[in-house]
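Visitor: Got a structure for you, written out below as structure tokens; questions coming shortly.
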Amino acid sequence: MKIRFIQIFVLTAIIIASYSFYFYNTGIKLNKNASGENKIANQIATTTETKEGAKNEQDTTDKTISVVKEQSKIETKEIPKTQPKEIITTQPLKGSVEENNAILTAMGVIEETNRQRQLNGLPSLVYNEKLSLAAQNKVNDMFNLQYFAHESPTGAGPADLANDVDYKYLMVGENLALGNYESDKILVDAWMNSPGHRANILNPKYTEIGVSVKSGMYEGYNTWLSVQEFGRPESDCPIPDKNLEQEILSGKGVAEQLKNQVSTLYEEINAMWPKSGSVYQEKVSTYNILVEQYNRLVESLKSLIANYNNQVSLYNQCI
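Using the numbering used here, the letters of the sequence shown map in sequence onto residues 93 to 411.
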């Protein structure tokens with residue numbers, strides 16, 4: 093019995109010890125796991141906070157910086173500072189100075205000139221009072237200074253004659269004749285038989301004419317001096333709008349200033365760290381507003397420049 097009791101006691105002690113050992117070890121393991129889980133949980137929480145924090149920061153800072161458009165690549169076509177002006181002359185025509193019953197008239201010469209143009213499929217030239225005055229001035233100058241040439245002893249030529257009477261032109265030409273031609277037709281026929289003078293009379297670019305004929309003493313002979321002044325007025329070809337040109341130049345200046353401001357602000361934004369906070373956001377907002385203004389201005393300039401260039405092209409084709 094005693095032995096039985098001892099066996100039961102020992103068995104009970106072993107069982108109690110085993111359970112105690114089990115629970116003791118289990119408690120330690122749970123604590124470790126709990127501690128480990130807490131540590132992982134803390135890491136996860138920290139990571140989550142960091143990611144969410146980064147996301148919040150990104151939401152705060154990720155304002156897209158607009159791309160700056162380059163200033164319009166279309167360039168304005170330049171009109172020459174001095175309009176291209178064509179001046180056509182040829183060797184003056186000398187005829188007989190023998191006295192006869194020659195009678196020449198300015199209007200008769202114009203009629204014969206236009207008849208020759210019509211025969212060659214060209215439109216008639218329109219009488220122009222300023223060109224007629226220039227022709228009269230030329231005749232009087234040749235008699236007064238006793239010369240027979242397109243350029244006077246003082247160096248004045250057809251262009252000067254046109255300028256003196258305020259004839260705005262794209263091109264002018266001049267035919268001269270000295271001699272006692274018996275009629276307007278005979279005079280014009282003589283010019284038509286001279287290649288250079290014929291080319292002037294039949295030049296398709298001319299639209300206007302002025303003529304002067306006068307008899308007087310030249311180098312001791314009583315003779316006639318005849319002058320044809322041909323012209324094409326500046327108004328034939330509409331000059332590109334000067335106001336539009338000025339608007340473009342002014343706009344390009346403003347665009348260049350805006351572009352410089354945008355570039356400076358862009359560098360400032362790139363250099364900022366951290367890319368967050370009210371100051372950063374304010375700079376980004378200002379930058380985007382400036383870029384939008386710049387881009388709108390460039391698009392407007394493109395339209396203006398296209399219009400201006402079209403005017404220049406039409407002008408160049410006309411002249």
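Think of the CB as a built atom: it goes at the ideal place given N, C-alpha and C, for glycine as much as any other residue.
In this text the structure is predicted, and so the values were computed from the model without any measurement.
Give the straight-line distance between the Cα atoms of Arg209 and Pro245, rounded to the nearest whole angstrom.
Guide: Taking the straight line from one Cα to the other gives about 33 angstroms.
Visitor: Whose C-alpha, out of Asp328, Ser368, Glu191 and Val257, is nearest the C-alpha of Glu321?
Guide: Comparing Cα-Cα distances from Glu321 to each of Asp328, Ser368, Glu191 and Val257, the minimum goes to Val257.
Visitor: Please report the Cβ distance between Trp316 and Ala194, rounded to the nearest whole angstrom; I am assuming they are in contact, meaning their Cβ atoms lie under 8 angstroms.
Guide: Contact flag correct, Cβ pair sits at about 6 angstroms.
Visitor: Which parts of the segment 225-311 are runs of the beta strand (DSSP E), unbroken and 3 residues or longer, counting only runs that do not cross its ends?
Guide: Within the segment 225-311, the complete beta strand (DSSP E) runs of at least 3 residues are 261-270 and 300-310.
Visitor: Assess, as a yes-or-no matter, whether the segment 284-294 is touched by the segment 180-190 under the definition of 3 or more beta carbon pairs within less than 8 angstroms.
Guide: Output reads yes: the segment 284-294 touches the segment 180-190.
Visitor: Helix, strand or coil, according to DSSP, for Leu217 in the structure here?
Guide: Coil at Leu217, not helix or strand.
Visitor: I need the straight-line Cα distance from Gln238 to Val218, nearest angstrom please.
Guide: Looking at the two C-alpha atoms, the distance is approximately 30 angstroms.
Visitor: On the DSSP bridge list, what partners appear for Lys186?
Guide: According to DSSP, which records beta bridges pairwise, Lys186 is partnered with Leu270.
Visitor: Identify whether Asn399 lies in helix, strand or coil by the three-state DSSP scheme.
Guide: The answer is helix: DSSP assigns Asn399 an H, G or I state.
Visitor: Consult DSSP for Lys131 and reduce its assignment to one of helix, strand or coil.
Guide: Residue placement at Lys131 is poorly supported in this model, since its pLDDT is 29, which falls under 50; the coordinates are not used for a value here.
Visitor: Give every residue of the same chain whose Cβ lies closer than 8 angstroms to the Cβ of Lys375, excluding the five residues on either side of it in the sequence, and list them in chain order.
Guide: Leu357, Glu360, Ile361 and Met364, listed in sequence order.
Visitor: State the CB to CB distance for the pair Leu225 and Glu326, rounded to an integer number of angstroms; the pair is presumed to be in contact (CB under 8 angstroms).
Guide: About 17 angstroms separates the two Cβ atoms, so there is no contact after all.
Visitor: Which residue wins for smallest C-alpha separation from Leu406, given the options Asp333, Ala254, Tyr379 and Lys394?
Guide: Selected option, being the one with the closest Cα: Asp333.
Visitor: Note down the Cα distance separating Pro215 from Thr299, rounded to an integer number of angstroms.
Guide: Pro215 and Thr299: Cα-Cα distance of roughly 8 angstroms.
Visitor: Classify Gln409 as helix, strand or coil using the three-state DSSP reduction.
Guide: Helix.
Visitor: For Asn206, report the span of its alpha helix (DSSP H) as first-last.
Guide: Its alpha helix (DSSP H) spans residues Ala198 to Leu211.
Visitor: What does Ile180 pair with, by DSSP beta-bridge criteria?
Guide: The partner list for Ile180 (beta bridge, DSSP) reads Gly265.
Visitor: Check the DSSP bridge columns for Asn314 and list the partner residues they point to.
Guide: Paired residue(s): Met309.
Visitor: What residues are listed by DSSP as bridge partners for Glu321?
Guide: Glu321 is bridged to Glu266 and Gly302.
Visitor: In the structure shown, what three-state DSSP assignment does Lys334 receive?
Guide: DSSP places Lys334 in helix when its eight states are reduced to three.
Visitor: Rounded to whole angstroms, what's the CA-CA distance from Glu266 to Asn192? Just pull it up for me.
Guide: Using only the alpha carbons, I get a separation of about 26 angstroms.
Visitor: Check whether the Cβ atoms of Asn236 and Gly302 sit closer than 8 angstroms, and answer yes or no.
Guide: Their beta carbons are not under 8 angstroms apart, which means Asn236 does not touch Gly302 by this criterion.
Visitor: Which of the three DSSP states, helix, strand or coil, is assigned to Asn387?
Guide: Helix.
Visitor: Count the other CB atoms, across all protein chains shown, that sit within 10 Å of the CB of Pro82; report buried if there are 16 or more and exposed otherwise.
Guide: The requested residue 82 is not part of the displayed model; the chain covers only 93 to 411.
Visitor: Going by C-alpha distance, which of Gln409, Val231 and Ser188 is nearest Ile331?
Guide: Nearest option by C-alpha distance: Gln409.
Visitor: Taking the beta carbon of Glu243 as the centre, do at least 16 other beta carbons fall within 10 Å, making it buried, or is it exposed?
Guide: Exposed, by the Cβ-count rule.
Visitor: Pick from Tyr386, Asn314 and Ile293: whose alpha carbon is nearest that of Ile345?
Guide: Note that residue 345 is Gly in the sequence shown here, rather than Ile. Answer by Cα proximity: Tyr386.
Visitor: Could you give the C-beta distance for Lys297 and Glu204, rounded to a whole number, given that I count them as a contact under 8 angstroms?
Guide: Not quite, the Cβ-Cβ distance comes to about 20 angstroms (not below 8 angstroms), so this is no contact.
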